[in-house]
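Chains as they are written, first to last, in this note's numbering: chain H, 2 to 927; chain G, 9 to 104. Everything below concerns the one structure shown next.
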């Protein structure tokens, strides 16, 4: 009813459809948004779901209940950080034209060939079990389906003749597809639209097929979910599978590993990073892809329980339930659909994986070796693009062949999921190098190298080699007792760590060795210049938006050499395109240029690295341009030293500038101190001098009185009068000195109130009126009736006016003297002037008279007329009240002293009432 | 007081929008908690069923769905990066 030819026709029909889709997409999809959109992108990432998901998940669920879920929860968690971590990797890869995971690691750690090669080898060895899993799944499913409607245990392919083995033909077909659509262009960073379209289509097919089987089992075989789970719960064996215990201790380690590997698996890197057409597609993919995972997993448990309920224990392999259930129910079309779904899941994985691996093998393993050992011969070849494609195609074929061999030798002994997990553990070894690399500038090449080697060796020892032993290729005692009977080195219980499942055990030790060695070596290592440059460029990739970093190639390079080199690897057309692109972008005309600058060389190197990998491109360019100036390392070394010296001298310069500034400050302070000291000395000597004059006269007249008792009364009276006057003068002087000192040091107690200046003037004038009358000096006052109040100390203001008036009185001649006091209200302040018609003040003294002890010698007598402190005190008072004092004078025609005092605040127009003034006092007092 | 005004002038270009970054990290931590073995045992009550389906299964898929919904909601709030210069030449860009 379901003959073999029909299955084969269906399979070939399906694969032909894939070819058609890929071909169409390659032809017409380019730049049309048909392929380059977030939905196709998310579906292509779903290449994560392979035959392992399609068949193996059910097998795992039949053994451990929800234990199959971590493989899908891990990527879900990883994609929650997708916008942060994946976008960073995406951006880095675009800027640096990264073609594969090996290229990324090699480029990050100083474009190291060694690291690129190591990653490639680990990837190829590690992924081999995964590839063989796909072959096993497809060949098993074909053989099961062939026996329709009889459900039997799987036929072991080992019994079949080599060329009769379906797996071989399947492998060959897949390799052909990968070669046709995965190696169309030599620039590995270019998108394979056809391949992506085919994978996206396959993702839809496998989801539809799996869901169809799930719906059939749930609603066809059973009466919905509740019926199915209720029936399962009735059986104690199956009831146990509905608990969390069934998952065992693998839950956390598997979630963690799956989280890391979603980016570390070469094919996932290929679809997520290399095939990404636009960074913004990630925005939708970070939830679309987890949604896909959720959808394809909904029916895993129902199918697993359905199979366990339907088939007697042990008669049918749980890995084939998806196929066996429709067969047992005589649903040929559904069984065929399930087969196509499984085929779809397997081919998608195989195609992308081989393309990714072949790129790595070509760019990071073969090309570096060719360049190193046979460079001279390479340089003779005109066109290398053909050679590159040939290497990649051969690599695909070889990988498929190796996968098939692994399947024949080892694969039979294991369930699908456990084979896949071995590969996961291998891929996880890339995670430290990648994650440290993009977030920690200090991660060094030697650190990555040691970490990865340590992790890989531990992985091989605890997972790969024992699997050889289990398949009979090594003695079983190796596992049981350890090598040469050393129990401590048993591969499944290293250092006595027993009781864990093999995967968790291996993951623990390998990642411990990996991260430990990585961190330890990196921390104690000194990075080379190029490592530091690349490290900074990677970690800070978002700080250089879009811009390619400045070229490191110095000196002029003959343009013809550069063109010739590009042509050899890229072919003539592509090479010309690149130079045109550069000219267009940088707006330069290259047609007449003879030499290429550093930028252009850098540009070409980047493009070249898209074809042959970053490390190879660097060697190619370096070798081609040899002899043109100094090498990068030397330049960087020179630059490094120079910049160190510069930095040092800059610091020195800064230090000396600071010192200079400090010296200047000190000098100024010193000058000021000296000045103050001198002023103090001046003041003291002047005060002493001024005090001595009255003291001397008091003393001499007292001595006369003492020594001459026979002096007549009038004479005695006269002398005593002099003594009294001189004593008064002395008291006044001391008071003035004290006042001035108080004002200057700010210790004066000011009684600040609102003061009417007119009243102040009246008060001062009445105090001195008799003095003026004695000397017959005419004193007039001109002031308006109402004067707005000013803010000040009334007593001090009276003192101020008295000082000015007595000053005027001193310099006026008796009889003809005239002194006029007038008050004028201005916009902001009151101005008071005291004018006399005395001797006047010479121009050069008009500023000095306000200094302490400065005295204008009166007329020709030379006698000092006052203490020399009066005007100094005046200035102190006026300045304290916020005003100004000055003098105008013409020699021989008298002098006029002016001072201003500003109004009390808010009293500009002076129209406020008295009550308002009192409140103002209150406010001013606070 | 105004002396340090010049220091703030040279601020680096803001590339990563802080809000979304924090949001995604919070979601991730939520996911780690939701799927932690400890919470699984909480929902692993024997015989507890929702519409006939074991509570554990319902919980796992519901938590999963909620995380996806929250991610979708948060991703809609991301502004298109203004600095997304074309790193790759557009095939049909202007000829001039």
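The beta carbon of each residue, even a glycine, is placed where N, CA and C say it ideally should be. It should be emphasised that the depicted structure is a prediction, and the values quoted were computed from it without experimental measurement.
Inspect the beta-carbon positions of residue 72 of chain H and residue 208 of chain H and report whether they are closer than 8 Å.
Taking 8 Å as the cut-off, the beta carbon of residue 72 of chain H is found no closer than this to the beta carbon of residue 208 of chain H.
Nearest neighbour of residue 148 of chain H, chosen from H:220, H:755, H:6 and H:587 [CA to CA]:
H:6
Taking all protein chains shown into account, do 16 or more other C-beta atoms lie within 10 angstroms of the C-beta of residue 776 of chain H, making it buried, or fewer, making it exposed?
exposed
Nearest residue (CA-CA) to residue 277 of chain H, options H:669, H:534, H:600 and H:38
H:38
On a Cα-Cα basis, can you pick out the residue from H:904, H:567 and H:13 that is closest to residue 177 of chain H?
Shortest Cα-Cα distance from residue 177 of chain H to any of H:904, H:567 and H:13 involves H:13.
With a threshold of 8 Å between beta-carbons, can residue 271 of chain H be considered close to chain G, or not?
Chain G, which has no Cβ nearer than 8 Å to the Cβ of residue 271 of chain H, makes this no.
Straight-line gap, residue 158 of chain H to residue 507 of chain H (C-alpha atoms, nearest Å):
Its pLDDT being 46, under 50, residue 158 of chain H is placed unreliably in this model, and the value from its coordinates should be taken loosely. Approximately 30 Å, taken between the alpha carbons.
Contacting residues, own chain, Cβ-Cβ under 6 Å from residue 285 of chain H (five flanking each side not counted):
39
Of all the CB atoms in chain G, is at least one closer than 8 Å to the CB of residue 552 of chain H?
Here the model assigns residue 552 of chain H a pLDDT of 44, short of 50, so the residue's position is not dependable, and the following value carries that caveat. Residue-level contact by beta carbon fails for residue 552 of chain H and chain G, as no gap is shorter than 8 Å.
Here's the rule I'm using: 16 or more other beta-carbon atoms within 10 Å means buried, otherwise exposed. How should residue 732 of chain H be labelled?
exposed
Which term fits residue 79 of chain G, buried or exposed, when burial requires 16 or more other beta carbons within 10 angstroms of its beta carbon?
buried
On the DSSP bridge list, what partners appear for residue 889 of chain H?
Beta-bridge partners assigned by DSSP to residue 889 of chain H: H:897.
Looking at the strands, I want to know which residues DSSP matches up with residue 824 of chain H.
H:833
Would you please verify whether the beta carbon of residue 46 of chain G is less than 8 Å from any beta carbon of chain H?
no
Quick one: list the residues of chain H neighbouring residue 74 of chain G, beta-carbon separation under 7 Å, in chain order.
Within chain H, no residue comes near residue 74 of chain G; the closest Cβ sits about 11 Å away, beyond 7 Å.
Assuming the contact rule is C-beta atoms closer than 8 Å, residue 929 of chain H and residue 293 of chain H should be a hit. Round their C-beta distance to whole Å, please.
In the structure as shown, chain H starts at 2 and stops at 927, and residue 929 of chain H therefore has no counterpart that could be examined.
So, under 8 Å CB-CB, residue 80 of chain H and residue 291 of chain H are touching, yes? Tell me the CB distance rounded to an integer number of Å.
5 Å
Along the stretch 233-253 of chain H, what residues have a CB closer than 7 Å to any CB found in chain G?
Hits within the stretch, in order: 243, 244, 245, 252 and 253.
I need the straight-line Cα distance from residue 895 of chain H to residue 779 of chain H, nearest angstrom please.
For residue 895 of chain H and residue 779 of chain H, the distance between alpha carbons rounds to 14 Å.
Within chain H, the residues that residue 61 of chain G reaches when beta carbons sit closer than 8 Å
226, 227 and 230
Between which two residues does the alpha helix (DSSP H) harbouring residue 534 of chain H extend?
530-540
Between the C-alpha atoms of residue 403 of chain H and residue 174 of chain H, what's the straight-line distance to the nearest angstrom?
15 Å
Is there a Cβ of chain H sitting closer than 8 Å to that of residue 29 of chain G, yes or no?
yes
Count the other C-beta atoms from every protein chain shown that fall within 10 angstroms of the C-beta of residue 144 of chain H, then say buried if there are 16 or more, exposed otherwise.
buried
Output yes or no for whether 8 Å exceeds the beta carbon distance between residue 136 of chain H and residue 232 of chain H.
Taking 8 Å as the Cβ cut-off, residue 136 of chain H and residue 232 of chain H do not qualify as a contacting pair.
Rounded to whole angstroms, what is the Cα-Cα separation between residue 1 of chain H and residue 119 of chain H?
In this structure chain H extends from 2 to 927, so residue 1 of chain H is not present and cannot be described.
Give the straight-line distance between the Cα atoms of residue 532 of chain H and residue 447 of chain H, rounded to the nearest whole angstrom.
10 Å
Which residues mark the beginning and the end of the beta strand (DSSP E) in which residue 362 of chain H is found?
No beta strand (DSSP E) contains residue 362 of chain H, which DSSP labels as neither H nor E.
Buried versus exposed call for residue 457 of chain H [16 or more other C-beta atoms within 10 Å across all chains shown]
Residue 457 of chain H counts as buried, since no fewer than 16 other beta carbons sit within 10 angstroms of its beta carbon.
Figure out for me which residue from H:841, H:831 and H:198 has the closest Cα to the Cα of residue 813 of chain H.
H:841
Using only alpha-carbon positions, find the residue among H:617, H:611, H:559 and H:572 that is nearest to residue 593 of chain H.
H:559
Can you find a CB in chain H that lies within less than 8 Å of the CB of residue 80 of chain G?
Contact with chain H is found for residue 80 of chain G, since one of that chain's Cβ atoms lies less than 8 Å from the residue's Cβ.
Given a limit of 7 Å on CB to CB distance, which residues of the stretch 57-81 of chain H reach chain G?
67, 70, 74, 77, 78 and 81
Assess contact between the stretch 755-763 of chain H and the stretch 708-716 of chain H, defined as three or more Cβ pairs (one per stretch) separated by less than 8 Å. Is contact present?
No contact exists between the stretch 755-763 of chain H and the stretch 708-716 of chain H.
Paired residues, beta bridge with residue 779 of chain H - DSSP:
H:819
I want to see whether chain H comes within less than 8 Å of residue 40 of chain G, judged by CB atoms only; does it?
yes
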